[in-house]
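For reference, the structure is listed below as structure tokens.
Protein chains: 2
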Amino acid sequence: MLKDFLVAPGPTPVPSEVLLEMAMPVYHHRTPRFSRVFRETLELLQYVYQTRNDVFILASSGTGAMESAVVNTLSAGDRVIVIRGGKFGERWGEIAEAYGVLPIYIDVEWGQTASPQQVEALLKENPDVKAVFTQYSETSTGVVYDIKGISEVVNRTEALMVVDGITGLGVSPCPTDDWGIDILVCGSQKSLMLPPGLGFLSFSEKAWKAYESSSLPKFYFNLKAEKKAQANDTTAWTPATTLIIGLHKALSMVKEEGLENVHKRHAFIAEAVRSGVQSLGLELFASPPADSVTSVKVPEGIDGGKIPKLMRDKYGVAIAGGQAHVKGKIFRIGHLGYIDKTDLAVVFQALEFSLAELGHKFEWGVSQKAIQEKLYAEYKNYPIR
Amino acid sequence: MLKDFLVAPGPTPVPSEVLLEMAMPVYHHRTPRFSRVFRETLELLQYVYQTRNDVFILASSGTGAMESAVVNTLSAGDRVIVIRGGKFGERWGEIAEAYGVLPIYIDVEWGQTASPQQVEALLKENPDVKAVFTQYSETSTGVVYDIKGISEVVNRTEALMVVDGITGLGVSPCPTDDWGIDILVCGSQKSLMLPPGLGFLSFSEKAWKAYESSSLPKFYFNLKAEKKAQANDTTAWTPATTLIIGLHKALSMVKEEGLENVHKRHAFIAEAVRSGVQSLGLELFASPPADSVTSVKVPEGIDGGKIPKLMRDKYGVAIAGGQAHVKGKIFRIGHLGYIDKTDLAVVFQALEFSLAELGHKFEWGVSQKAIQEKLYAEYKNYPIR
Chain F
0 MLKDFLVAPG PTPVPSEVLL EMAMPVYHHR TPRFSRVFRE TLELLQYVYQ
50 TRNDVFILAS SGTGAMESAV VNTLSAGDRV IVIRGGKFGE RWGEIAEAYG
100 VLPIYIDVEW GQTASPQQVE ALLKENPDVK AVFTQYSETS TGVVYDIKGI
150 SEVVNRTEAL MVVDGITGLG VSPCPTDDWG IDILVCGSQK SLMLPPGLGF
200 LSFSEKAWKA YESSSLPKFY FNLKAEKKAQ ANDTTAWTPA TTLIIGLHKA
250 LSMVKEEGLE NVHKRHAFIA EAVRSGVQSL GLELFASPPA DSVTSVKVPE
300 GIDGGKIPKL MRDKYGVAIA GGQAHVKGKI FRIGHLGYID KTDLAVVFQA
350 LEFSLAELGH KFEWGVSQKA IQEKLYAEYK NYPIR
Chain A
0 MLKDFLVAPG PTPVPSEVLL EMAMPVYHHR TPRFSRVFRE TLELLQYVYQ
50 TRNDVFILAS SGTGAMESAV VNTLSAGDRV IVIRGGKFGE RWGEIAEAYG
100 VLPIYIDVEW GQTASPQQVE ALLKENPDVK AVFTQYSETS TGVVYDIKGI
150 SEVVNRTEAL MVVDGITGLG VSPCPTDDWG IDILVCGSQK SLMLPPGLGF
200 LSFSEKAWKA YESSSLPKFY FNLKAEKKAQ ANDTTAWTPA TTLIIGLHKA
250 LSMVKEEGLE NVHKRHAFIA EAVRSGVQSL GLELFASPPA DSVTSVKVPE
300 GIDGGKIPKL MRDKYGVAIA GGQAHVKGKI FRIGHLGYID KTDLAVVFQA
350 LEFSLAELGH KFEWGVSQKA IQEKLYAEYK NYPIR
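Sequence order for the protein chains is F and A.
All residue numbers for the first sequence refer to numbering that gives the first Met the number 0, where the first residue is 0 and numbers rise by one.
All residue numbers for the second sequence refer to numbering that gives the first Met the number 0, where the first residue is 0 and numbers rise by one.
This is how it looks when you write it as structure tokens:
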């Protein structure tokens, strides 16, 4: 017997309550029954987004929602700023270039961050820039960007502030309206506790203004068609009904826990993970680190690819390795979504087993000690259920 | 208590075996475990498509797969022929026009079909046409087109033969390679017995040649990226894993039944439905009728919108009404996918109840008599399980 645990930066574990909701008999989507669920789900999504802007649910992965942000606001030849500090920053650039949009890149060393000042300077040099594209949390490096600060400088211009919040939203505070984020993209398989298959995005008034002058071709991802359909509590194309029904359940769980508590939980879980990692003599890769995923430098002399492989295939705990040029040099522990303190005991047990097997020196249980100290400080004050 | 039945032309009922498979704990998609399922699923899809061409699974609705067929083969300004005999023929045209492709329409009266001769004549007049777009079964009218005949005339030219088989594939024979279909589009929520959320398409060598000269912008739906990923048994973007795991199960059920038997079952179930409908003094709308969906003219003096509403909301049997200008004038019974003889007893009970309530005259049970005669001729020779 080998029990499987999923602690990757996405997909993330899905609660049984949600999985079973999605296993209920399928019903038609053009019915009052589905429309009620759909409308409530949009409202729950607005709650998590902290927005009054339109929000959209697409039958696509997060990448489809990213593409939607581009094609609904821009025209070929438009210039945009792209913060490129990892695989997903690169993706913003690739989508833009595929559509003839011209990115000006802020190239950030993987594991490092970009500052609002850099964005501000570039915006001043290039007053024709139509939008700034960034991540909230760059999943490939584990870095968190200062979205509040960057939004502030972008909001002083005509440019749109477009954020990939795929591993940021539902993890750390990201008040769309307060911070002035015009488009915030998310995906289902991260903090929102669903399987992959849905993409989300919010769309501000300023984004709708950009829509009017945008000439990029679009059909499946045309948000005007979705907006028109939403006025009748439905979707333009056939919605992925079971996933939306699951989303309704998952977001109801988020609302019941309370968004503020969800953020707090992610913060102290992440702090415990960082503390556990460091207790083993390992170094963090990201600066500043996100609360969604902790990326860790592989210690000298250890074959970095073997850590996630041993953890998953021998000890049943699926974390992620590094991607592209940091492959084998870092590993990444995901701790977003349906992750509780108990998951950390499992992670660090498997990590200690794997590191020991690969010859890394440490005292058995040292990481459990570290995380328990952090977690107990939090949990000792909790009421008995 | 009101038991719910789904006999719409999509979504269709999903077997519990498939629903529960999708309710299993989520695991990571970049793993040998998922790659095995993905590879086998592609092979099962090729079995159902009867093709050796590439097949692709997209996280999108069927409309996304239709868009993918357009953007991967054409350039702005290209001329194409579109058979427009219903809502989905219109959709081919709308997608083409959204991308600056210039459709030449064959406008077919709703409920009627287009002939290979019409397509042939138009191809001769317009030798520069790059592709012919059609449906196999036009879901909005219930008509089946002669894809074998149309493919024959298209295959004599340089044009691509592009078929929306969303309610055709897995219902009636559609041998992709034998008939020379370059692109065959399908969706998950029809005969393939899954919830909505996946789009499929096959892509021939001739289609790949067209890809090379196509200049329409594409990213999320770029099939070259998918082909490259498939070489490593994975997908370009995060796949909708639970739906693909369900697809693996559903297609395994299709293979176990045998594709030929699946087609036979759809044929005699459809024949029984048509016979039941006519026994009630009702007229068929489609000529020739598809084996996926039976569209029926609303009899004089009856409010057509009330038939599906009564059936669903009072008697628990969800069929579909007419769309666009035939709204209220026809209703549509779906009988594709996970549909057995027993479902027909349920449909005609609810239909008799509803018609009686609306004042239509007939003898109680006349439609049950009609379908049982047809079905018994088939089933009396079946072995005991």
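Glycine is no exception: its CB is placed at the ideal position from the N, C-alpha and C atoms.
- Message: If we define contact as Cβ-Cβ less than 8 Å, is residue 21 of chain A a contact residue for chain F?
- Response: Indexing the second sequence from 1 puts residue 21 of chain A at position 22. So yes, residue 21 of chain A belongs to the interface.
- Apply the 10 Å Cβ neighbour rule to residue 341 of chain F and answer buried if 16 or more other Cβ atoms are within range, or exposed otherwise. Working through the first sequence from its first residue, we reach residue 341 of chain F at position 342. So residue 341 of chain F ends up on the exposed side.
- Message: On the criterion of 16 or more Cβ atoms from any shown chain inside 10 Å, does residue 1 of chain A qualify as buried, or is it exposed?
- Response: As a first step, residue 1 of chain A is located in the second sequence; it is residue number 2 there, counting from the start. So residue 1 of chain A counts as exposed.
- Query: Mind checking residue 320 of chain F: buried by the 16 CB within 10 Å criterion, or exposed?
  - Reply: Taking the first residue of the first sequence as position 1, residue 320 of chain F is located at position 321. A residue is called buried once 16 or more other Cβ atoms fall within 10 Å of its Cβ, and residue 320 of chain F is buried on that count.
- Look at the alpha carbon of residue 70 of chain F and the alpha carbon of residue 7 of chain F, and state the distance between them as a whole number of angstroms. The sequence position of residue 70 of chain F within the first sequence is 71, counting from 1. The sequence position of residue 7 of chain F within the first sequence is 8, counting from 1. Between residue 70 of chain F and residue 7 of chain F, the C-alpha separation is close to 30 Å.
- Message: Rounded to whole angstroms, what is the Cα-Cα separation between residue 352 of chain F and residue 315 of chain F?
- Response: The sequence position of residue 352 of chain F within the first sequence is 353, counting from 1. The sequence position of residue 315 of chain F within the first sequence is 316, counting from 1. Looking at the two C-alpha atoms, the distance is approximately 11 Å.
- Item | Sub-8 Å separation of residue 80 of chain A and residue 115 of chain A beta-carbons | One-based indexing of the second sequence puts residue 80 of chain A at position 81. One-based indexing of the second sequence puts residue 115 of chain A at position 116. No; because the gap between Cβ atoms is not below 8 Å, this pair is not in contact.
- With DSSP run on the structure shown, which of helix, strand or coil describes residue 296 of chain A? Within the second sequence, the letter at position 297 stands for residue 296 of chain A. Of the three classes helix, strand and coil, the one that applies to residue 296 of chain A here is strand, per DSSP.
- Query: Among A:363, A:239, A:178, A:221, which has the Cα closest to the Cα of residue 147 of chain A?
  - Reply: Within the second sequence, the letter at position 148 stands for residue 147 of chain A. The residue with the shortest Cα to Cα distance from residue 147 of chain A is A:178.
- Item | Residue ranges of each beta strand (DSSP E) within the region 14 to 62 of chain A, 3 or longer | Within the region 14 to 62 of chain A, the complete beta strand (DSSP E) runs of at least 3 residues are 53 to 58.
- Query: When Cβ atoms are compared, which residues of the region 233 to 266 of chain A fall closer than 7 Å to chain F?
  - Reply: The residues in question are 236, 237, 238, 239, 240, 241, 242.
- Item | residue 325 of chain A at chain F interface by Cβ criterion, 8 Å | As a position in the second sequence, residue 325 of chain A is number 326, starting the count at 1. The Cβ of residue 325 of chain A sits no closer than 8 Å to any Cβ of chain F.
- Contact set between the region 2 to 13 of chain F and chain A, restricted to residues whose Cβ is under 9 Å from the partner: Within the region 2 to 13 of chain F, the residues whose Cβ lies closer than 9 Å to any Cβ of chain A are, in chain order, 3, 5, 7, 9, 10, 11, 12, 13.
- For residue 330 of chain A, go through chain F and note every residue whose CB falls closer than 7 Å to its CB, in chain order. Here the question's residue 330 of chain A lines up with position 331 in the second sequence. The premise fails here: residue 330 of chain A is roughly 14 Å from chain F at the closest Cβ pair, so nothing lies under 7 Å.
- Message: Under 8 Å: do the region 96 to 109 of chain A and the region 151 to 161 of chain A share three or more Cβ pairs, one atom per stretch?
- Response: Too few Cβ pairs lie closer than 8 Å, so no.
- Nearest-angstrom Cα separation, counted from residue 9 of chain A out to residue 78 of chain A: Numbered from 1 along the second sequence, position 79 holds the residue referred to as residue 78 of chain A. Numbered from 1 along the second sequence, position 10 holds the residue referred to as residue 9 of chain A. Cα-Cα distance, rounded: 31 Å.
- Candidates A:162, A:285, A:347, A:141, of which the one nearest residue 131 of chain A by Cα: The count along the second sequence starts at 1 and reaches residue 131 of chain A at position 132. Of A:162, A:285, A:347, A:141, the residue nearest in Cα terms is A:162.
- Task: Quick one: list the residues of chain A neighbouring residue 58 of chain F, beta-carbon separation under 8 Å, in chain order.
- Result: On the first sequence, residue 58 of chain F is found 59 positions in, with the first residue counted as 1. Taking a Cβ-Cβ cut-off of 8 Å, the neighbours of residue 58 of chain F in chain A comprise 58, 59, 60, 63, 195, 196, given in sequence order.
- Cβ neighbour criterion (16 or more within 10 Å) applied to residue 339 of chain A: Here the question's residue 339 of chain A lines up with position 340 in the second sequence. When all chains shown are included, residue 339 of chain A counts as exposed.
- Task: Thinking residue 385 of chain F and residue 253 of chain F are a contact (beta carbons under 8 Å), I'd like their distance in whole angstroms, please.
- Result: Nothing about residue 385 of chain F can be reported from this structure: the residues present for chain F run from 0 to 384 only.
- To which residues of the same chain is residue 296 of chain A closer than 8 Å at the C-beta, ignoring the five residues directly before and after it? Sequence index remark: in the second sequence, residue 296 of chain A carries index 297 (1-based). So the qualifying residues of the chain are 281, 282, 283, 284, 328, 329.
- Cβ shell of residue 89 of chain F (< 8 Å), same chain only, five flanking positions each side left out: Within the first sequence, the letter at position 90 stands for residue 89 of chain F. For residue 89 of chain F, where only same-chain residues beyond five positions count, the Cβ hits under 8 Å are 83.
- What residue range is occupied by the uninterrupted alpha helix (DSSP H) comprising residue 210 of chain A? The residue you call residue 210 of chain A lines up with position 211 of the second sequence. Residue 210 of chain A -> alpha helix (DSSP H) spans 204 to 212.
- Message: I need the boundaries of the beta strand (DSSP E) containing residue 252 of chain A, first residue and last residue.
- Response: Start at 1 with the first residue of the second sequence, and residue 252 of chain A comes out as number 253. DSSP places residue 252 of chain A outside any beta strand (DSSP E); the residue lies instead in the alpha helix (DSSP H), whose first and last residues are 240 to 256.
- Contact check, residue 42 of chain F vs residue 245 of chain F under 8 Å by CB: the rounded distance? Within the first sequence, residue 42 of chain F is the residue found at index 43, counting from 1. Within the first sequence, residue 245 of chain F is the residue found at index 246, counting from 1. Residue 42 of chain F to residue 245 of chain F, Cβ: 16 Å. No contact.
- chain F within 8 Å of residue 381 of chain A, Cβ atoms only: Within the second sequence, numbered from 1, the residue matching residue 381 of chain A stands at position 382. No, its Cβ sits nowhere closer than 8 Å to a Cβ of chain F.
- Task: Tell me, please, which residues DSSP counts as bridged to residue 102 of chain F.
- Result: Counting from 1 along the first sequence, the entry for residue 102 of chain F is found at position 103. Bridge partners of residue 102 of chain F: F:79.
- Item | Under 9 Å from the C-beta of residue 94 of chain F: neighbouring residues of chain A | Locating residue 94 of chain F in the first sequence gives position 95, where the first residue counts as 1. Ordered by position in chain A, the residues that pass the 9 Å Cβ test against residue 94 of chain F are 218, 219.
- Task: For residue 276 of chain A, name the three-state secondary structure that DSSP assigns.
- Result: Residue mapping note: residue 276 of chain A aligns to position 277 of the second sequence, counting from 1. In the three-state reduction of the DSSP assignment, residue 276 of chain A falls in the helix class, which pools H, G and I.
- Query: When the cut-off is 8 Å and only beta carbons count, does residue 18 of chain A lie next to chain F?
  - Reply: As a position in the second sequence, residue 18 of chain A is number 19, starting the count at 1. Chain F, which has a Cβ nearer than 8 Å to the Cβ of residue 18 of chain A, makes this yes.
- Query: Considering residue 165 of chain A, what are the terminal residues of the alpha helix (DSSP H) in which it resides?
  - Reply: Working through the second sequence from its first residue, we reach residue 165 of chain A at position 166. Annotation for residue 165 of chain A: no alpha helix (DSSP H) segment contains it, and DSSP assigns it neither H nor E.
- Item | Close-in-space but distant-in-sequence residues of the same chain around residue 293 of chain A (CB under 8 Å, 5 per side omitted) | Translated into the one-based positions of the second sequence, residue 293 of chain A becomes position 294. Sequence-distant partners of residue 293 of chain A (beyond 5 residues in either direction) whose C-beta falls short of 8 Å from its own C-beta, in its chain, are 141, 269, 272, 273, 276, 283, 285, 331, 332, 334.
- Query: From residue 18 of chain A to residue 196 of chain A, what does the alpha carbon distance come to, in whole angstroms?
  - Reply: Taking the second sequence and counting its residues from 1, one reaches residue 18 of chain A at position 19. Taking the second sequence and counting its residues from 1, one reaches residue 196 of chain A at position 197. The C-alpha of residue 196 of chain A is placed about 14 Å away from the C-alpha of residue 18 of chain A.
- Task: May I ask you to list the residues that DSSP assigns as paired with residue 370 of chain F?
- Result: By 1-based counting over the first sequence, the position of residue 370 of chain F is 371. In the DSSP output, where bridge partners are listed per residue, residue 370 of chain F has none listed.
- Message: Looking at the strands, I want to know which residues DSSP matches up with residue 199 of chain A.
- Response: Your numbering for residue 199 of chain A matches position 200 in the second sequence. A:56, A:185, per the DSSP bridge assignment.
- Query: Can you name the residues of chain F whose CB is closer than 7 Å to the CB of residue 66 of chain A?
  - Reply: Here residue 66 of chain A corresponds to residue number 67 of the second sequence, with the count starting at 1. Going along chain F in sequence order, the residues near residue 66 of chain A (Cβ under 7 Å) are 218, 219.
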